[in-house]
Amino acid sequence: MNTQGKVFKYPDNVDTDVIIPARYLNTPNAEELALHCMEDIDKDFVKKVSAGDVMVAGWNFGCGSSREHAPLVIKTCKTGCVIAKSFARIFYRNAINIGLPILECEEAAEEINAGDEVKVDFDTGVITDITTGKTYKAQPFPPFIQNIIKKGGLLKSLKEEA
Amino acid sequence: MGMTLTQKILANHAGLENVTAGQLISAKLDIVLGNDITTPVAVNEFKKAGFDKVFDKDRIAIVLDHFVPNKDIKAAQQSKTCREFACGHCVSHFYDVGKMGIEHALLPEQGVVTAGDCIIGADSHTCTYGALGAFSTGVGSTDMAAGMATGKAWFKVPSAIKFNLTGRLPENCSGKDVILTIIGMIGVDGALYKSMEFVGDGAHTLSMDDRLCICNMAIEAGAKNGIFAVDDVTLNYLEGRSERKPVIFEADDDAEYEKVIDIDLSKIVPTVACPHLPENTKPAKELSDIKIDQVVIGSCTNGRMEDMETAFAVLNGNKVAEGVRCIIIPATMQIYRECIERGYVTAFIDAGAVVSTPTCGPCLGGYMGILAAGERCIATTNRNFVGRMGHVDSEVYLASPATAAASALTGFITSPKEVK
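First to last, the protein sequences are chains G and R.
Count along the first sequence starting at 1, add 155, and that's the number in the working numbering.
Count along the second sequence starting at 1, add 298, and that's the number in the working numbering.
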């Protein structure tokens with residue numbers, strides 16, 4: 156599995172309120188919610204994003220509310236992957252559970268620039284910045300979590316075990 | 299090596315003698331919680347995966363609290379989804395309008411959660427119940443769905459930071475000032491993935507409402523959970539309230555902590571978190587030139603009876619400043635009723651405030667007090683992110699009920715006098 160696309164760069168502590176503001180949480184419909192993805196921090200994101208594009212951010216990405224709507228809208232916008240220095244724990248869990256690829260890599264998150272063309276290989280954790288020619292290696296997931304992702308999310312993996 | 303209080307509870311619920319930080323475990327759940335925003339997503343996932351029954355109808359709690367009484371048609375549809383699921387599966391702890399309250403005030407009050415429990419909730423402030431000596435943490439809707447189906451959840455066993463509390467709080471300070479001070483000290487990711495364990499002689503001097511408030515905001519430091527050990531205050535609170543028998547766990551003497559931080563409660567001052575992160579804290583007295591448009595006293599952080607008592611002590615016989623909207627929201631129907639019986643509601647209205655039935659409404663910018671561009675609010679809520687209470691160009695300052703009420707009277711951020 157891999158993704159390739161252009162980079163949208165964000166700062167530290169991107170919270171779930173800016174990823175998907177609560178004023179839109181009166182529906183569970185992912186397509187409807189996704190129209191407002193990142194609206195309060197980057198109002199053109201939805202217009203500019205193409206399938207496979209990559210979000211790159213600083214520390215504590217996805218902090219705040221437990222709303223699964225946050226990783227869900229990022230995934231529904233066809234974002235290929237989120238790379239950050241670290242993730243808030245509920246966002247991290249939710250991303251795995253719904254199958255949004257995320258990678259922790261401090262060096263990549265620091266050096267990759269907005270607009271760069273980036274390729275990510277999820278099996279090896281190798282991130283290649285095609286624009287600058289640099290490569291980075293992200294921490295791989297522990298096998299337990301790899302298994303959830305491989306089976307297509309938490310509920311599918313549970314159903315298979317049952 | 300010994301275990302922390304959190305690790306003891308997790309080991310017990312995983313059926314293991316010992317667990318260590320970083321270990322992945324599957325733990326049995328005592329309560330699985332959801333609200334009117336997160337439950338509909340969980341219900342979709344539950345059905346999509348092909349599950350047709352819940353693991354135990356008495357161990358699931360569904361609370362309609364974010365957008366009720368329904369703020370619009372879509373919110374009404376979400377409530378209906380929750381209602382149909384709860385009725386269809388005979389969920390015994392289903393709280394609809396008339397019975398509901400803000401979930402993290404309601405479940406402890408009603409005795410649904412208790413000491414020794416292992417709890418997940420599809421709401422980040424589920425960490426509140428650590429005040430009772432339980433392991434309790436926020437998750438997403440898919441985890442809620444899995445929990446409802448299997449009665450289990452996977453966890454990575456957390457390491458812990460120990461907060462050694464000494465002394466006693468000054469009269470004008472409360473649990474909110476303690477947790478804001480701590481978040482200001484360690485930052486919004488200062489406890490990321492970790493437990494915050496609150497111990498020491500000072501911990502025993504804190505009321506249950508203060509402890510609930512402190513654990514509530516553990517997530518604002520990135521923590522997995524916050525927890526107090528069970529003592530007489532806990533047992534008195536649980537007595538005659540807890541549906542199930544409390545189970546008392548204690549940290550081992552040789553438990554390992556990543557860090558120990560000493561907090562002298564007597565040195566705490568009224569504290570405010572400035573926009574746009576809960577870590578941007580300052581003493582309230584340094585912010586006296588900040589003019590405010592709105593005050594909100596309520597939420598899962600500070601809508602409990604002691605918070606209402608504090609608001610009453612400050613507002614009774616006084617007037618809210620001209621040009622300030624003061625919104626008071628008792629967190630549960632029981633608290634709301636008690637505010638009426640004690641004459642607080644009359645006093646609040648006479649002071650020029652508005653009093654609402656329980657709702658999360660303004661805290662997350664849902665309804666009931668949305669801010670326009672350029673407006674400022676001082677609130678007893680828990681988050682002050684960009685756009686949290688309305689327009690992206692509005693501002694939220696987080697404070698205790700005493701500071702918020704004192705500010706309502708002056709129209710500027712005001713450090714409270716002794717109010718207890």
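Every residue gets a Cβ at the ideal spot worked out from N, C-alpha and C, and that includes glycine.
From the options, residue whose alpha carbon lies closest to that of residue i
| i | options | result |
| --- | --- | --- |
| E673(R) | V411(R), T655(R), S692(R), P656(R) | S692(R) |
| K474(R) | T712(R), H391(R), T679(R), L308(R) | T679(R) |
| T608(R) | T503(R), S472(R), M483(R) | S472(R) |
| V653(R) | G664(R), M494(R), C637(R) | C637(R) |
| D370(R) | I304(G), N215(G), R178(G), L190(G) | R178(G) |
| R623(R) | A611(R), N616(R), V594(R) | V594(R) |
| N614(R) | A645(R), S324(R), G601(R) | A645(R) |
| Y555(R) | H391(R), I517(R), S457(R), A527(R) | S457(R) |
| G709(R) | V684(R), G449(R), N616(R) | N616(R) |
| P406(R) | T599(R), S324(R), V612(R) | T599(R) |
| G313(R) | F383(R), A319(R), L303(R), S324(R) | S324(R) |
| N252(G) | D648(R), A451(R), D354(R), L467(R) | A451(R) |
| R381(R) | T337(R), D441(R), R357(R) | T337(R) |
| N534(R) | I668(R), H391(R), L404(R), D507(R) | D507(R) |
| Y291(G) | A264(G), K233(G), E186(G) | A264(G) |
| I517(R) | I477(R), A619(R), T448(R), A373(R) | I477(R) |
| F356(R) | N342(R), M687(R), G449(R) | Before going further, note that residue 356(R) is Asp rather than Phe in the sequence given. Comparing Cα-Cα distances from D356(R) to each of N342(R), M687(R), G449(R), the minimum goes to G449(R). |
| P573(R) | N682(R), R640(R), V643(R) | N682(R) |
| E495(R) | A553(R), A444(R), F453(R) | A553(R) |
Proximal residues to residue i (C-beta, below 7 angstroms), its chain only, five neighbours per side dropped
| i | result |
| --- | --- |
| P367(R) | V395 |
| S377(R) | D334, L362, V366, N368 |
| I711(R) | V570, A582, L585, S586, I588, I590, I676, Y695, S705 |
| T657(R) | D363, V366, I627, M666 |
| M156(G) | F277, D278 |
| K305(G) | none |
Own chain partners of residue i with C-beta closer than 8 angstroms, once the 5 adjacent residues on each side are dropped
| i | result |
| --- | --- |
| K161(G) | S205, D208, V209, G270, D271, E272, V273 |
| L536(R) | G409, T412, A413, L430, P544 |
Classification of residue i by the beta-carbon crowding that lies within 10 angstroms, buried from 16 upward
| i | result |
| --- | --- |
| A670(R) | exposed |
| S564(R) | exposed |
| L258(G) | buried |
| G288(G) | exposed |
| K718(R) | Residue confidence for K718(R) is low, a pLDDT of 44 falling below 50, so the modelled location carries little weight and cannot support an answer. |
| C236(G) | buried |
| Q294(G) | exposed |
| R635(R) | exposed |
| D350(R) | exposed |
| F299(G) | exposed |
| D560(R) | exposed |
| I484(R) | buried |
| E262(G) | exposed |
| K306(R) | buried |
| A549(R) | buried |
Those residues which DSSP pairs with residue i across a bridge
| i | result |
| --- | --- |
| N252(G) | Beta-bridge pairing links N252(G) to no other residue. |
| G399(R) | T630(R) |
| E620(R) | In the DSSP output, where bridge partners are listed per residue, E620(R) has none listed. |
| D276(G) | N157(G), V281(G) |
| F453(R) | I323(R) |
| L696(R) | A571(R), A677(R) |
| E463(R) | Strictly speaking, residue 463(R) in this sequence is Leu, with Glu absent from that position. DSSP lists I561(R) as partners of L463(R). |
| M494(R) | I459(R), G524(R) |
| Y393(R) | V361(R) |
| Y291(G) | I282(G) |
| Q375(R) | Paired residues: none, contrary to the question. |
| S434(R) | I417(R) |
| M210(G) | F163(G), V237(G) |
| F242(G) | F216(G) |
| F710(R) | K589(R) |
Beta-carbon separation (whole angstroms), residue i vs residue j, contact threshold 8 angstroms
| i | j | result |
| --- | --- | --- |
| G719(R) | I245(G) | Since the first residue of chain R shown is 299 and the last is 718, residue 719(R) is not available in this structure. |
| G399(R) | M631(R) | 6 angstroms |
| C719(R) | S597(R) | Within the shown structure, residues of chain R are numbered from 299 to 718, placing residue 719(R) beyond reach of any answer. |
| M389(R) | I358(R) | At residue 389(R) the sequence reads Val, which differs from the Met that was named. V389(R) to I358(R), Cβ: 5 angstroms. Contact. |
| A700(R) | N470(R) | 6 angstroms |
| I417(R) | I329(R) | 5 angstroms |
| G685(R) | C218(G) | Incorrect: roughly 15 angstroms between the Cβ atoms, too far for contact. |
| A447(R) | L227(G) | That belief does not hold up - the Cβ atoms of A447(R) and L227(G) are roughly 19 angstroms apart, past 8 angstroms. |
| L303(R) | V455(R) | No, L303(R) and V455(R) are not in contact; Cβ-Cβ is about 13 angstroms, not under 8 angstroms. |
| S505(R) | V531(R) | 7 angstroms |
| P568(R) | S434(R) | Wrong, their Cβ atoms sit about 28 angstroms apart, outside the cutoff. |
Contacting residues, own chain, Cβ-Cβ under 6 angstroms from residue i (five flanking each side not counted)
| i | result |
| --- | --- |
| R509(R) | A429, F526 |
| V528(R) | A413, G431, I546 |
| K164(G) | V211, A269 |
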